[in-house]
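The block underneath contains the structure these notes are about, expressed in C-alpha coordinates.
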Amino acid sequence: MQALFRNPIVEPGLIGTSSGAAFGASLYFVLGAIFKFNAGVWTLPIAASAGGALATVTVFLLSYRREGGQPVVSLLLTGIAVNALCLSGVGLMSYLARDPQARSITFWNLGTLSGSNWNSVVIIGISCLLCFLLAVRFTKQLNALAMGESEALHLGVNINKLKVSVIILTVLLVAVATAFVGVISFIGLIVPHVLRLIKGSDNRYLLIGSALLGGILLTVADLTARLLLAPAELPIGIVTSVVGVPVFILLLRRNQHYF
0 MQALFRNPIV EPGLIGTSSG AAFGASLYFV LGAIFKFNAG VWTLPIAASA
50 GGALATVTVF LLSYRREGGQ PVVSLLLTGI AVNALCLSGV GLMSYLARDP
100 QARSITFWNL GTLSGSNWNS VVIIGISCLL CFLLAVRFTK QLNALAMGES
150 EALHLGVNIN KLKVSVIILT VLLVAVATAF VGVISFIGLI VPHVLRLIKG
200 SDNRYLLIGS ALLGGILLTV ADLTARLLLA PAELPIGIVT SVVGVPVFIL
250 LLRRNQHYF
(Lines of atoms letter the chains of each structure in order from A; the text may use other names.)
(Lines give C-alpha, C1' and ligand atoms only; values in the text may rest on other atoms or scores of the structure.)
Protein backbone atom coordinates (compact mmCIF):
# COMPACT_ATOMS: atom_id res chain seq x y z
CA MET A 0 0.00 0.00 0.00
CA GLN A 1 2.95 2.31 0.58
CA ALA A 2 4.00 1.68 -3.01
CA LEU A 3 0.47 2.19 -4.30
CA PHE A 4 0.03 5.57 -2.61
CA ARG A 5 3.71 6.51 -2.84
CA ASN A 6 3.67 7.43 0.83
CA PRO A 7 5.80 5.84 3.57
CA ILE A 8 3.26 6.08 6.41
CA VAL A 9 0.32 4.29 4.81
CA GLU A 10 -0.56 0.92 6.33
CA PRO A 11 -3.79 -1.08 6.68
CA GLY A 12 -4.37 -0.02 10.28
CA LEU A 13 -4.49 3.65 9.29
CA ILE A 14 -7.24 3.26 6.71
CA GLY A 15 -9.70 1.25 8.77
CA THR A 16 -8.97 -2.26 7.52
CA SER A 17 -7.83 -3.71 10.85
CA SER A 18 -10.49 -2.09 13.01
CA GLY A 19 -13.16 -2.91 10.42
CA ALA A 20 -12.10 -6.55 10.48
CA ALA A 21 -12.19 -6.55 14.28
CA PHE A 22 -15.70 -5.08 14.23
CA GLY A 23 -16.86 -7.68 11.71
CA ALA A 24 -15.44 -10.44 13.87
CA SER A 25 -16.95 -9.06 17.09
CA LEU A 26 -20.31 -8.70 15.35
CA TYR A 27 -20.08 -12.35 14.36
CA PHE A 28 -19.27 -13.41 17.93
CA VAL A 29 -22.29 -11.64 19.39
CA LEU A 30 -24.87 -12.29 16.65
CA GLY A 31 -23.59 -15.82 16.09
CA ALA A 32 -24.17 -16.61 19.76
CA ILE A 33 -27.65 -15.04 19.73
CA PHE A 34 -28.90 -16.65 16.50
CA LYS A 35 -26.81 -19.84 16.80
CA PHE A 36 -25.31 -19.12 13.41
CA ASN A 37 -22.20 -20.99 12.31
CA ALA A 38 -21.25 -21.77 8.71
CA GLY A 39 -18.06 -23.63 9.54
CA VAL A 40 -14.41 -22.75 9.95
CA TRP A 41 -14.56 -20.03 7.28
CA THR A 42 -17.34 -18.04 8.99
CA LEU A 43 -15.01 -15.94 11.13
CA PRO A 44 -12.59 -15.03 8.29
CA ILE A 45 -15.53 -14.13 6.05
CA ALA A 46 -17.04 -11.87 8.73
CA ALA A 47 -13.68 -10.21 9.37
CA SER A 48 -13.00 -9.79 5.64
CA ALA A 49 -16.41 -8.22 5.11
CA GLY A 50 -15.87 -5.78 7.98
CA GLY A 51 -12.40 -4.84 6.77
CA ALA A 52 -13.57 -4.40 3.19
CA LEU A 53 -16.55 -2.24 4.19
CA ALA A 54 -14.41 0.01 6.39
CA THR A 55 -11.74 0.41 3.70
CA VAL A 56 -14.23 1.17 0.94
CA THR A 57 -15.90 3.73 3.22
CA VAL A 58 -12.57 5.48 3.83
CA PHE A 59 -11.79 5.66 0.13
CA LEU A 60 -15.24 6.88 -0.87
CA LEU A 61 -15.29 9.61 1.79
CA SER A 62 -11.73 10.79 1.07
CA TYR A 63 -12.01 10.75 -2.72
CA ARG A 64 -11.81 14.06 -4.53
CA ARG A 65 -12.77 14.10 -8.17
CA GLU A 66 -10.01 16.52 -9.08
CA GLY A 67 -7.21 14.92 -7.11
CA GLY A 68 -7.88 11.30 -6.20
CA GLN A 69 -7.17 10.56 -2.55
CA PRO A 70 -5.00 13.25 -0.88
CA VAL A 71 -2.95 11.74 1.93
CA VAL A 72 -4.24 14.10 4.64
CA SER A 73 -7.86 13.45 3.68
CA LEU A 74 -7.19 9.71 3.51
CA LEU A 75 -5.58 9.54 6.95
CA LEU A 76 -8.12 11.81 8.66
CA THR A 77 -10.99 9.81 7.20
CA GLY A 78 -9.21 6.64 8.30
CA ILE A 79 -8.98 7.97 11.85
CA ALA A 80 -12.71 8.72 11.86
CA VAL A 81 -13.67 5.30 10.49
CA ASN A 82 -11.27 3.64 12.93
CA ALA A 83 -12.98 5.43 15.82
CA LEU A 84 -16.40 4.38 14.54
CA CYS A 85 -15.37 0.74 14.17
CA LEU A 86 -13.76 0.67 17.61
CA SER A 87 -16.95 2.15 19.05
CA GLY A 88 -18.80 -0.73 17.42
CA VAL A 89 -16.37 -3.19 18.99
CA GLY A 90 -16.98 -1.54 22.37
CA LEU A 91 -20.74 -1.82 21.90
CA MET A 92 -20.46 -5.50 21.01
CA SER A 93 -18.30 -6.05 24.11
CA TYR A 94 -20.98 -4.38 26.24
CA LEU A 95 -23.77 -6.51 24.76
CA ALA A 96 -21.81 -9.77 24.77
CA ARG A 97 -21.89 -12.47 27.41
CA ASP A 98 -18.68 -13.42 29.19
CA PRO A 99 -17.35 -15.98 26.63
CA GLN A 100 -18.02 -13.65 23.71
CA ALA A 101 -16.65 -10.64 25.61
CA ARG A 102 -13.38 -12.49 26.18
CA SER A 103 -13.17 -13.33 22.49
CA ILE A 104 -13.80 -9.69 21.52
CA THR A 105 -11.16 -8.47 23.98
CA PHE A 106 -8.77 -10.79 22.15
CA TRP A 107 -9.15 -8.65 19.00
CA ASN A 108 -8.11 -5.47 20.71
CA LEU A 109 -4.94 -7.00 22.13
CA GLY A 110 -3.62 -9.41 19.52
CA THR A 111 -2.03 -12.74 20.44
CA LEU A 112 -0.91 -16.01 18.87
CA SER A 113 -1.90 -18.06 21.91
CA GLY A 114 -5.23 -19.09 20.38
CA SER A 115 -3.72 -20.27 17.11
CA ASN A 116 -3.95 -23.90 16.02
CA TRP A 117 -3.16 -25.92 12.92
CA ASN A 118 -6.54 -25.13 11.37
CA SER A 119 -5.84 -21.39 11.56
CA VAL A 120 -2.29 -21.95 10.27
CA VAL A 121 -3.65 -23.80 7.23
CA ILE A 122 -6.31 -21.18 6.50
CA ILE A 123 -3.92 -18.23 6.88
CA GLY A 124 -1.23 -20.08 4.93
CA ILE A 125 -3.50 -20.83 1.97
CA SER A 126 -4.91 -17.29 1.95
CA CYS A 127 -1.47 -15.68 2.15
CA LEU A 128 -0.01 -17.94 -0.54
CA LEU A 129 -2.82 -17.23 -3.00
CA CYS A 130 -2.75 -13.48 -2.37
CA PHE A 131 1.05 -13.45 -2.55
CA LEU A 132 1.06 -15.20 -5.94
CA LEU A 133 -1.47 -12.67 -7.23
CA ALA A 134 0.42 -9.72 -5.73
CA VAL A 135 3.66 -10.73 -7.50
CA ARG A 136 1.96 -9.91 -10.79
CA PHE A 137 1.63 -6.25 -9.78
CA THR A 138 5.20 -5.55 -8.66
CA LYS A 139 6.38 -4.20 -12.02
CA GLN A 140 3.29 -2.00 -12.30
CA LEU A 141 3.94 -0.64 -8.81
CA ASN A 142 7.53 0.10 -9.81
CA ALA A 143 6.21 2.05 -12.80
CA LEU A 144 3.73 3.89 -10.57
CA ALA A 145 6.61 5.00 -8.33
CA MET A 146 7.72 7.32 -11.16
CA GLY A 147 4.32 9.06 -11.14
CA GLU A 148 0.82 8.39 -12.43
CA SER A 149 1.42 10.13 -15.77
CA GLU A 150 4.55 8.07 -16.44
CA ALA A 151 2.76 4.88 -15.40
CA LEU A 152 -0.12 5.65 -17.77
CA HIS A 153 2.33 6.15 -20.64
CA LEU A 154 3.85 2.77 -19.81
CA GLY A 155 0.44 1.13 -20.15
CA VAL A 156 -0.49 0.74 -16.48
CA ASN A 157 -4.21 0.73 -15.73
CA ILE A 158 -3.99 2.72 -12.49
CA ASN A 159 -7.61 2.32 -11.39
CA LYS A 160 -7.49 -1.44 -11.92
CA LEU A 161 -4.16 -1.59 -10.09
CA LYS A 162 -5.54 0.33 -7.09
CA VAL A 163 -8.63 -1.85 -6.82
CA SER A 164 -6.61 -5.07 -7.15
CA VAL A 165 -4.01 -4.09 -4.55
CA ILE A 166 -6.63 -2.85 -2.09
CA ILE A 167 -8.66 -6.07 -2.44
CA LEU A 168 -5.57 -8.20 -1.82
CA THR A 169 -4.61 -6.07 1.18
CA VAL A 170 -8.08 -6.29 2.70
CA LEU A 171 -8.17 -10.07 2.26
CA LEU A 172 -4.73 -10.57 3.80
CA VAL A 173 -5.32 -8.25 6.76
CA ALA A 174 -8.84 -9.45 7.44
CA VAL A 175 -7.98 -13.16 7.42
CA ALA A 176 -4.93 -12.62 9.64
CA THR A 177 -6.93 -10.40 12.01
CA ALA A 178 -9.64 -13.05 12.19
CA PHE A 179 -7.26 -15.43 13.96
CA VAL A 180 -4.66 -13.33 15.79
CA GLY A 181 -6.44 -10.04 16.48
CA VAL A 182 -5.21 -6.54 15.74
CA ILE A 183 -1.39 -6.40 15.75
CA SER A 184 -0.32 -2.92 14.72
CA PHE A 185 2.73 -1.36 13.09
CA ILE A 186 4.44 -4.45 11.62
CA GLY A 187 3.16 -3.46 8.19
CA LEU A 188 4.58 0.02 8.76
CA ILE A 189 8.03 -0.84 10.09
CA VAL A 190 9.08 -3.80 7.90
CA PRO A 191 9.02 -2.07 4.47
CA HIS A 192 11.20 0.77 5.78
CA VAL A 193 13.82 -1.62 7.12
CA LEU A 194 13.90 -3.41 3.77
CA ARG A 195 14.21 -0.17 1.81
CA LEU A 196 17.31 0.66 3.83
CA ILE A 197 18.76 -2.76 2.96
CA LYS A 198 17.61 -3.45 -0.61
CA GLY A 199 16.12 -0.28 -2.05
CA SER A 200 12.60 0.39 -3.33
CA ASP A 201 12.20 -2.35 -5.95
CA ASN A 202 8.83 -3.90 -5.14
CA ARG A 203 9.90 -7.25 -6.59
CA TYR A 204 12.23 -7.62 -3.62
CA LEU A 205 10.13 -5.67 -1.11
CA LEU A 206 7.16 -8.00 -1.48
CA ILE A 207 9.11 -11.17 -0.77
CA GLY A 208 11.28 -9.51 1.87
CA SER A 209 8.29 -8.03 3.69
CA ALA A 210 6.66 -11.45 3.95
CA LEU A 211 9.83 -13.02 5.38
CA LEU A 212 10.93 -10.17 7.65
CA GLY A 213 7.37 -9.55 8.83
CA GLY A 214 7.11 -13.17 9.92
CA ILE A 215 10.46 -12.96 11.70
CA LEU A 216 9.50 -9.73 13.48
CA LEU A 217 6.16 -11.20 14.54
CA THR A 218 7.92 -14.29 15.92
CA VAL A 219 10.37 -12.13 17.87
CA ALA A 220 7.50 -10.00 19.22
CA ASP A 221 5.61 -13.15 20.24
CA LEU A 222 8.69 -14.56 21.98
CA THR A 223 9.19 -11.25 23.79
CA ALA A 224 5.55 -11.18 24.85
CA ARG A 225 5.81 -14.71 26.25
CA LEU A 226 9.07 -14.17 28.14
CA LEU A 227 8.75 -10.59 29.37
CA LEU A 228 6.19 -11.30 32.10
CA ALA A 229 6.47 -15.10 32.28
CA PRO A 230 4.53 -17.15 33.22
CA ALA A 231 1.92 -14.57 32.14
CA GLU A 232 1.79 -13.62 28.47
CA LEU A 233 1.82 -10.01 27.30
CA PRO A 234 -0.33 -9.34 24.20
CA ILE A 235 1.75 -8.98 21.03
CA GLY A 236 -0.07 -5.79 20.06
CA ILE A 237 1.38 -4.04 23.11
CA VAL A 238 4.93 -5.06 22.18
CA THR A 239 4.61 -3.97 18.54
CA SER A 240 2.93 -0.69 19.51
CA VAL A 241 5.68 0.21 21.99
CA VAL A 242 8.20 -0.17 19.16
CA GLY A 243 5.98 1.06 16.34
CA VAL A 244 4.66 4.34 17.76
CA PRO A 245 8.12 6.00 18.08
CA VAL A 246 9.00 4.78 14.58
CA PHE A 247 5.75 6.18 13.20
CA ILE A 248 6.37 9.58 14.84
CA LEU A 249 9.90 9.59 13.43
CA LEU A 250 8.57 8.84 9.95
CA LEU A 251 6.04 11.65 10.24
CA ARG A 252 8.78 14.13 11.14
CA ARG A 253 11.11 12.94 8.39
CA ASN A 254 8.42 12.94 5.70
CA GLN A 255 6.53 16.17 6.35
CA HIS A 256 6.72 17.05 2.64
CA TYR A 257 4.03 14.40 1.99
CA PHE A 258 1.54 16.64 3.79
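Residue numbers for the sequence shown follow numbering that gives the first Met the number 0, so the first one is 0 and each next one is one higher.
For each residue, glycine too, the CB sits at the ideal point set by N, CA and C.
Quantities reported herein were computed from a predicted structural model and do not represent experimental measurements.
Simplified DSSP state of residue i, which is helix, strand or coil
i: Thr57; result: helix
i: Phe131; result: helix
i: Pro7; result: coil
i: Asp201; result: coil
i: Val156; result: coil
i: Gly124; result: helix
i: Glu232; result: coil
i: Ile183; result: coil
i: Asn116; result: coil
i: Tyr257; result: The pLDDT assigned to Tyr257 is 47, lower than 50, so where the model puts this residue is not dependable, and the model offers no usable value.
i: Gly315; result: Not covered by the structure: residue 315. The range shown for the chain is 0 to 258.
i: Phe137; result: coil
Residue i, buried or exposed, once every other Cβ within 10 Å from all chains shown has been counted against 16
i: Ile197; result: exposed
i: Val248; result: Going by the sequence as given, residue 248 is Ile instead of Val. It is exposed - the Cβ of Ile248 has fewer than 16 other Cβ atoms within 10 Å.
i: Met0; result: buried
i: Ser115; result: exposed
i: Ser119; result: buried
i: Pro230; result: exposed
i: Asp221; result: buried
i: Leu53; result: buried
i: Ser103; result: buried
i: Val219; result: exposed
i: Gly124; result: exposed
i: Asn82; result: buried
i: Ile189; result: buried
i: Asn157; result: exposed
i: Ile235; result: buried
i: Arg252; result: exposed
i: Phe258; result: The predicted position of Phe258 is uncertain, since its pLDDT is 45 and thus under 50; no value can be drawn from it.
i: Phe34; result: exposed
i: Gly147; result: exposed
i: Val121; result: exposed
Residue of the options minimising C-alpha distance to residue i
i: Val72; options: Phe28, Ile14, Ile125; result: Ile14
i: His178; options: Thr105, Tyr94, Val219; result: Here residue 178 turns out to be Ala, not His, going by the sequence shown. That would be Thr105, whose Cα lies nearest to the Cα of Ala178.
i: Leu161; options: Val175, Ile183, Asn142; result: Asn142
i: Lys139; options: Tyr204, Leu86, Val173, Leu84; result: Tyr204
i: Leu212; options: Ser62, Leu60, His192; result: His192
i: Ala49; options: Tyr27, Phe34, Phe59; result: Tyr27
i: Cys127; options: Ala96, Ala174, Gly90, Leu144; result: Ala174
i: Leu132; options: Leu75, Val165, Val9; result: Val165
i: Val9; options: Ala32, Thr55, Asn157; result: Thr55
i: Arg5; options: Phe34, Asn202, Ala176, Leu227; result: Asn202
i: Ser18; options: Thr42, Ala32, Pro7, Thr57; result: Thr57
Rounded distance between the beta-carbons of residue j and residue i, thought under 8 Å
i: Ser113; j: Phe185; result: At roughly 20 Å, the Cβ-Cβ gap does not stay under 8 Å, so Ser113 and Phe185 are not in contact.
i: Ala46; j: Gly23; result: 5 Å
i: Ala145; j: Ala2; result: 7 Å
i: Val29; j: Gly110; result: Actually they do not touch by this definition, with Cβ atoms about 20 Å apart.
i: Leu216; j: Ala134; result: No, Leu216 and Ala134 are not in contact; Cβ-Cβ is about 19 Å, not under 8 Å.
i: Cys130; j: Leu194; result: Contact flag wrong, Cβ pair sits at about 19 Å.
Short CB-CB distance (under 8 Å) between residue i and chain B
i: Leu194; result: Protein chain content of the structure displayed is limited to a single chain, and chain B is not contained in it.
Any non-hydrogen atom of the ligand FAD closer than 7 Å to residue i Cβ
i: Thr239; result: With respect to the ligand FAD, the structure shown offers nothing to examine, as it has no ligands at all.
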